[in-house]
Amino acid sequence: MYGFKVQQSERFRSRFKRYTKRHEKEMKAIRKNLYSTLEMLGELSLPIHQIKFGPLKCEFGNVFRLSPQGGGVGLKPIRLYFSIDESKKILYLLCLGTKTRQSEDIKYCKEEVKKTDGQK
714 MYGFKVQQSE
724 RFRSRFKRYT
734 KRHEKEMKAI
744 RKNLYSTLEM
754 LGELSLPIHQ
764 IKFGPLKCEF
774 GNVFRLSPQG
784 GGVGLKPIRL
794 YFSIDESKKI
804 LYLLCLGTKT
814 RQSEDIKYCK
824 EEVKKTDGQK
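If you're matching positions, the sequence shown starts at 714 in our numbering and goes up one per residue.
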């Protein structure tokens with residue numbers, strides 16, 4: 714995927730199956746936004762923190778979230794949480810969630826980032 718090796722957390726894998734079935738349009742929009750983000754990383758040669766793209770928000774540290782923004786009207790605000798190790802070209806897909814699970818998901822992402830930082 715644009716030169717990045719992809720690693721998925723357990724929570725991402727389990728929710729991905731369910732969200733893909735129940736929220737097809739939202740997942741399609743999130744996928745498109747992820748590809749656009751990675752494409753901008755490559756083309757602009759900027760660190761991800763410097764990329765200004767509507768659906769992309771820095772949640773904390775090196776964890777970002779993408780929404781289905783731009784995918785149409787009436788989409789549920791599902792979020793993809795991910796982290797990138799730009800030097801090693803690794804994309805960590807951490808979690809998918811809704812606004813109601815946001816604080817729980819962010820806590821989970823913080824724990825996952827600690828694990829991946831320990832593996833470096």
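Built from N, CA and C at the ideal position, the CB exists for glycine as well.
| Item | Value |
| --- | --- |
| Contiguous alpha helix (DSSP H) assignments of at least 4 residues, all confined to the segment 727-759 | 737-757 |
| Helix, strand or coil at K765 according to DSSP, with G and I counted as helix | coil |
| N- and C-terminal bounds of the beta strand (DSSP E) containing F777 | V776 to L779 |
| Among I803, G787, S800 and R814, nearest to L793 - alpha-carbon criterion | R814 |
| Buried versus exposed, by CB contacts within 10 Å (16 or more), E739 | buried |
| Residue from K828, L788, L754 and G774 whose Cα sits closest to the Cα of F677 | Shown here, the chain extends from 714 to 833; a query on residue 677 therefore has no answer. |
| For Q721 and K833, the rounded distance between their alpha carbons | The predicted model places K833 with a pLDDT of 48, which falls under 50 and marks its position as unreliable; any figure quoted below should be read in that light. Approximately 16 angstroms between the Cα atoms of the pair. |
| Opposing strand residues paired with G716 [DSSP bridges] | G716 pairs with nothing; no bridge assigned. |
| contact_flag[the segment 760-780, the segment 719-734] where n(CB pairs < 8 angstroms) is 3 or more | no |
| Span separating the alpha-carbon of V719 from that of L804 | 5 angstroms |
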